[in-house]
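Protein sequence lines correspond, in order, to chains A and B. With the working numbering, letter number 85 in the first sequence gets 85, and the count goes up by one each step, no holes. With the working numbering, letter number 299 in the second sequence gets 1299, and the count goes up by one each step, no holes. What follows is one structure encoded as structure tokens, with my remarks underneath.
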Amino acid sequence: MSEENINSDNSGNDFDFLRMDWHKFLKARKAGGGFKLLESYLNDDPGDHDFPETRVLWIQGAQCTGCSESLLDASNPALLKAFEILNIDLKRHEAFLAHQGLFVDGEPANTSELNSEILLDEISEQGNYILMVEGAIANGPHGSGKYFMSGNRSSKEMFKKAARNADLIIAVGTCAAYGGINTAGSDIVDILDYRGVAFTKKDPSKGMLKLLGIDKPVINIPGCPPHPDWIIYTLSAIISGNVKIPDDLPEVLDEFGRPKVFFPPDHNVHKDCPRKKFFDNKEFDTCVGGEKCLLRMGCQAFLAHADCALRKWNDGHSYCVQAGSPCIACVEPDFPDNARPLYSSKKNRKRKEADQ
Amino acid sequence: MVRVTVDPLTRVVGPLRLDTEVDENGIITEARSSNMIFRGFERIYRGQDPRDSILLSQRICGVCPVAHSIAAVNALDDLYGVAGSVPKDALVARNINHGLNTISNHLLHFYILWGPDLANPAYGNVLSTFGNLGSSVWKEFLGRFAPISYKIDGEAIPPGSSYVGVIPMKKILHDAGAVIGGKMPHQTVMYPGGVTNNPTASDVQTMSSIMSEVVDFLNATSIGIPFEEWVGNTYMASSPKKAADFFIEHLHELTERSLRTNDLSRSNGWGDLELYSALGSELIGEKILGLPISLKHDKMSGYNDLSKIGFLSYGDFYNVEHEGYEPTSPAGDRFQTSGFMTSSLEYHKFDSDKVTESVKHSFYDDYEGDKHPYEGVTEPFTDPDRIDYQDFSAEKYTWSKAPRYEGIPCEVGPFSRLLIMKEPLVTGLVQLFQDNGYSPFNSFTRMIARMQELFIITNEVIQWITTDLDPNGRFRVDVDMSAAEDSRGMGICEAPRGALGHWVITDNDAKVANYQIVTPSAWNLSPRDSEGVPGPLEHALIGSTISAVDNWLGVDFSNPTGILHVGRSYDPCITCAVHTIDLTGKNPPGMVRLL
């Protein structure tokens, strides 16, 4: 690891990134060209990476598996390497592991090695795990949660079971954090009644935890999907103990429960945009395929608190605006309603009027 | 009679419940497939700009988002009247983007979602009764296909080499998808009239080098002979018989080389595909190659009533010899042809008017008979007490509607596509199974078809990237937004798991009046229809055995490998099978619905 990657303003400990302010973070990234926090930590302290095992219980509600797919795309380090370094034991995951729900004449069958429902009960009885939630949780129709059923239980019951004894809940993706696409405005949105873990859109009183009367620390990692770095670096900060749960959370999270270092309140995607000079010169594209500012094509980058333009996606290959497409601010609590109509600047004007 | 339920069938996208009744001999006699989620997806487009569907539809499925954006953009090309003038460079870019996602999906399915079932402890028990050969086969299965965090009888099993090896391939295929598509999953570049980005010469290089890594993986892991040799002798064979003969002859050579030493390792020439091809099928493994044992996956899901099943493909990947494309009747002008095939392999031209749906067995209020999607009515249950799937004899049991083609339930996916495009290897294998008294429609041929399509699309994507993609080309035409007033558009394509259609109707403000999506999983996982005819997966389960290797070691209801293999062979995706609903009943027919 190069010296440049060490953040000099942070006493050489760049592993403590969740507590960095945005400017320090940018500086560290720019200087290093990459943000190899895990490796740099290991190089700094080769004898001190034997973390105790961290058990992770992963459950899926209403979602598209895009968050899990994105996690598989982790580059720096790769997913399995990160799990190895952090000594993560992924106990349960509906998309990757061996188990499935098994019932014979209505009774749970086989053992937890093959039965995901027995496994869920066993892990949740034992406690001592991080619960990672992908997808929104159904409350409809009429508070029953029956619009999402799995393993003979509603997602609401499944979530309750999994949340009750968790040490920490990480809501992965905009659906789990805020409801996401499942809460998009329509005439049926109230009947569907999908909820995020601790928020529904911007409203913490409508989070599923509140409804169930469960109080747990929550970290939201939104994004549709979230960048794999955001997930892995957050896990690494917690597992390393550099961010203490729950004491440090008020300091490192914003008002919507997001790590400020990836979703900085005072910084947005627009500020790092490679097309920013066109905005400054008031040169706007009105159809796709140009190289100018995409504001009039509906770009929401100035409302999107995230580091996409610097971090970029898929091992740094590209991101939405670089590919000629407007930012749709998918990390924001009111996604996708905040950005609709997606290819129109009219919404920006309306929002500005509403703000005044 | 024992009731065996798999709920959820994990390693699919979204919650799927497979409920069966099994007789004392371990044969499945009744089966129900239940989609356990309701999201009301399409309703969010109503009254909005139709272009939103390009990006938002991808949120239906994070595994095949590109297919949804292709279907959406095809519907919009049609809506804005620009399908005939999309520049061929844009068609090439779309093909690459879509093809990369198909390759990535098939690798994910074979290795991460389906492969771990080959490491099921039931196979260890069966194979251990076959001496050294059985032990070495089991060693290969575990060593290649075991998933992460896996244990058998409390003993931790290290993840398999193929399972671990495919994750970096998935990652770099998404990297290539980001190069051409902005990011993955949920890329951003499809737009009516073309694509938003201009690929550069450096993008071409990046994607080429990623594809060469993918080919290296296929050569090192999936097949024991060079990729070009495989494709040249199967996909490019001069006849189906030659392709099948090559396949069998290749497996013969490997088998002869290995039987004395019981060495089925990669270094002895056994790629994952050969290993599964020789061991997965009773006909090929036991009867043709003379092996003492097989998994008998070719005896699963044979469709016992062949008058009640068909095979459907909408056709896919643009012809890049000329600009523009025909959005509604792609029969001859796509790399993969469209069509409907009966179980007696009779080909018919695809006609979208023949698609209908019924809701008799779904959690919606009934209507008489079947309706074309444009006339569909969907009144969902909002009383929680009516949403009950526990009673096996209950009429209503799923959120999926039942799509039919001229009243016939249809299997969709790689097997149907390759059958309809007359791909030599799949056509030859179908003939081979028929000639030997086996149903050619089974879990084994379905998986071989998926792998074969993986090779074919890889071959095409490399050509599109290295030969056809011109960074100095034209990537879009202008779109007249007013063309969307009182208009309609139909977009069809083939998602990795089968036929996918988007239909959009706009009002006089050029806003969406209706948006409809019929997904592959609605076809494959369909419930019974108004005539009581089961959907393909339900039909496939009936008559299959519940336990490993045709109940070889007796019946174990608590480890129903039969249900797992048959279910997962369709690459199911439940979140795709979403419905929109009409709660008010105020919308005219055709304004609602859908899967």
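Cβ atoms here follow ideal geometry from the backbone N, Cα and C, with glycine treated the same way.
Using Cβ-Cβ distances below 9 Å, what residues of the region 1170-1185 of chain B are close to chain A? 1170, 1171, 1172, 1174, 1175, 1176, 1177, 1178, 1179, 1180, 1181, 1182, 1183, 1184, 1185
C-beta contact flag for residue 1201(B) and residue 317(A) at 9 Å: Taking the second sequence and counting its residues from 1, one reaches residue 1201(B) at position 201. Taking the first sequence and counting its residues from 1, one reaches residue 317(A) at position 317. In this structure, residue 317(A) does not lie closer than 9 Å to residue 1201(B) by Cβ.
Can you tell me where the alpha helix (DSSP H) with residue 1071(B) in it begins and where it stops? The residue labelled residue 1071(B) in the question sits at position 71 within the second sequence. Counting along the chain, the alpha helix (DSSP H) containing residue 1071(B) begins and ends at 1065-1079.
Partner residues on chain B for residue 331(A), Cβ-Cβ distance less than 8 Å: Walking along the first sequence from the start, residue 331(A) turns up at place 331. Going along chain B, no residue has its Cβ under 8 Å from residue 331(A), so there is no contact; the nearest lies around 12 Å.
Return the residue from the list 1329(B), 1452(B), 1416(B), 1380(B) that minimises the CA-CA distance to residue 1624(B). Shown here, chain B extends from 1001 to 1595; a query on residue 1624(B) therefore has no answer.
Report the three-state DSSP secondary structure of residue 214(A) (helix, strand or coil). Position 214 of the first sequence, counted from the first residue, corresponds to residue 214(A). Residue 214(A): coil per DSSP, three-state reduction.
Quick one: is residue 336(A) near chain B, going by C-beta distance under 9 Å? Looking up residue 336(A) in the first sequence gives position 336. Residue 336(A) counts as touching chain B.
Identify every residue that forms a DSSP beta bridge with residue 1503(B). One-based indexing of the second sequence puts residue 1503(B) at position 503. Paired residue(s): 1490(B), 1516(B).
Sort 1524(B), 1182(B), 1054(B), 1195(B) by Cα distance to residue 1414(B) and report the nearest one. Residue mapping note: residue 1414(B) aligns to position 414 of the second sequence, counting from 1. Ranking 1524(B), 1182(B), 1054(B), 1195(B) by Cα distance to residue 1414(B) puts 1524(B) first.
Look at the alpha carbon of residue 187(A) and the alpha carbon of residue 1012(B), and state the distance between them as a whole number of angstroms. Numbered from 1 along the first sequence, position 187 holds the residue referred to as residue 187(A). Numbered from 1 along the second sequence, position 12 holds the residue referred to as residue 1012(B). Roughly 30 Å between the two C-alpha positions.
Please list, in chain order, the chain B residues whose beta carbon lies closer than 8 Å to that of residue 238(A). Translated into the one-based positions of the first sequence, residue 238(A) becomes position 238. Correct list: empty, because the minimum Cβ distance to chain B is about 20 Å.
List the residues of chain B that residue 390(A) touches, going by C-beta distances under 7 Å, in chain order. Residue 390(A) is absent from the model: chain A starts at 1 and stops at 356.
Once you ignore the five residues that flank residue 1505(B) on each side, which residues in its own chain have a CB closer than 7 Å to its CB? Numbered from 1 along the second sequence, position 505 holds the residue referred to as residue 1505(B). Cβ neighbours of residue 1505(B) beyond the five flanking positions: 1488, 1513, 1514.
Which residue's Cα is closest to the Cα of residue 1558(B): 286(A), 56(A), 113(A), 71(A)? Counted from its first residue, the second sequence places residue 1558(B) at position 558. Per the Cα distances, 113(A).
So, is residue 47(A) buried or exposed, given that buried needs 16 or more other C-beta atoms within 10 angstroms? Within the first sequence, numbered from 1, the residue matching residue 47(A) stands at position 47. Bear in mind that a pLDDT of 45 at residue 47(A), under 50, signals an unreliable position, so the number given afterwards is only what the model happens to contain. Burial call: exposed.
Please list, in chain order, all residues of the same chain as residue 1438(B) whose beta carbon is under 7 Å from its beta carbon, the five residues on each side excluded. Taking the second sequence and counting its residues from 1, one reaches residue 1438(B) at position 438. Cβ within range, chain order: 1283, 1298.
What three-state label does DSSP hand residue 1555(B) in the structure shown? To locate residue 1555(B), count along the second sequence from 1; it is residue 555. Correct three-state label for residue 1555(B): coil.
Using a Cβ cut-off of 9 Å, which residues of the region 178-207 of chain A contact any Cβ in chain B, in chain order? 180, 181, 182, 184, 185, 186, 187, 188, 189, 191, 192, 194
Where residue 223(A) sits in the DSSP three-state scheme: Start at 1 with the first residue of the first sequence, and residue 223(A) comes out as number 223. Coil, per DSSP.
With a Cβ-Cβ cutoff of 9 Å, do residue 61(A) and residue 1185(B) count as a contact? As a working note, residue 61(A) is residue 61 in the first sequence. As a working note, residue 1185(B) is residue 185 in the second sequence. In this structure, residue 1185(B) does not lie closer than 9 Å to residue 61(A) by Cβ.
Please go through the region 1067-1151 of chain B and give each complete beta strand (DSSP E) segment of 3 or more residues, from N-terminal end onward. none
Just the C-alpha distance for residue 1140(B) and residue 1549(B), rounded to the nearest angstrom, thanks. If you number the second sequence from 1, residue 1140(B) lands on position 140. If you number the second sequence from 1, residue 1549(B) lands on position 549. In a straight line, the C-alpha of residue 1140(B) is about 17 Å away from that of residue 1549(B).
Can you tell me where the beta strand (DSSP E) with residue 133(A) in it begins and where it stops? For the purposes of this step, residue 133(A) is taken as the residue at position 133 of the first sequence. From DSSP, the beta strand (DSSP E) with residue 133(A) extends over 130-134.
Which runs of the alpha helix (DSSP H) at least 4 residues long sit entirely within the region 1437-1473 of chain B? Give them in chain order. 1443-1463
So within the region 84-135 of chain A, which uninterrupted alpha helix (DSSP H) runs reach at least 4 residues, ignoring any that extend past its ends? 116-126
Determine the chain B residues that contact residue 344(A) at a beta-carbon separation under 7 Å, and present them in chain order. For the purposes of this step, residue 344(A) is taken as the residue at position 344 of the first sequence. Correct list: 1049.
Looking at the unbroken alpha helix (DSSP H) that takes in residue 1246(B), where does it start and where does it end? The residue given as residue 1246(B) occupies position 246 in the second sequence. Segment 1240-1258, the alpha helix (DSSP H) holding residue 1246(B).
Among 235(A), 133(A), 77(A), the one whose alpha carbon lies nearest that of residue 68(A): The residue given as residue 68(A) occupies position 68 in the first sequence. Ranking the options by Cα distance to residue 68(A), first place goes to 133(A).
Using a Cβ-Cβ distance cut-off of 9 Å, determine whether residue 230(A) contacts chain B. For the purposes of this step, residue 230(A) is taken as residue 230 along the first sequence, with counting starting at 1. Not an interface residue.
Taking only beta carbons into account, state which residues of the region 1063-1076 of chain B come closer than 8 Å to chain A, listed in chain order. 1063, 1065
DSSP-derived helix/strand/coil call for residue 1035(B): One-based indexing of the second sequence puts residue 1035(B) at position 35. Three-state DSSP puts residue 1035(B) in a strand.
Give a yes or no on whether the minimum CB-CB distance between residue 94(A) and chain B is below 9 Å. Here residue 94(A) refers to the residue found at position 94 when the first sequence is read from its first residue. Chain B contact via Cβ: present.
Going along the region 110-123 of chain A in order, which residues come within less than 7 Å of chain B, judged by CB to CB distance? 110, 113, 114, 116
Here's the rule I'm using: 16 or more other beta-carbon atoms within 10 Å means buried, otherwise exposed. How should residue 124(A) be labelled? Position 124 of the first sequence, counted from the start, is the residue given in the question as residue 124(A). So residue 124(A) counts as buried.
Residue nearest to residue 1336(B) in terms of C-alpha spacing, selected from 1470(B), 1079(B), 1456(B): As a first step, residue 1336(B) is located in the second sequence; it is residue number 336 there, counting from the start. With distances taken between Cα atoms, residue 1336(B) lies closest to 1456(B).
Would you verify that the beta carbon of residue 340(A) is, or is not, closer than 9 Å to some beta carbon of chain B? Along the first sequence, one-based indexing puts residue 340(A) at 340. True, the Cβ-Cβ gap to chain B drops below 9 Å.
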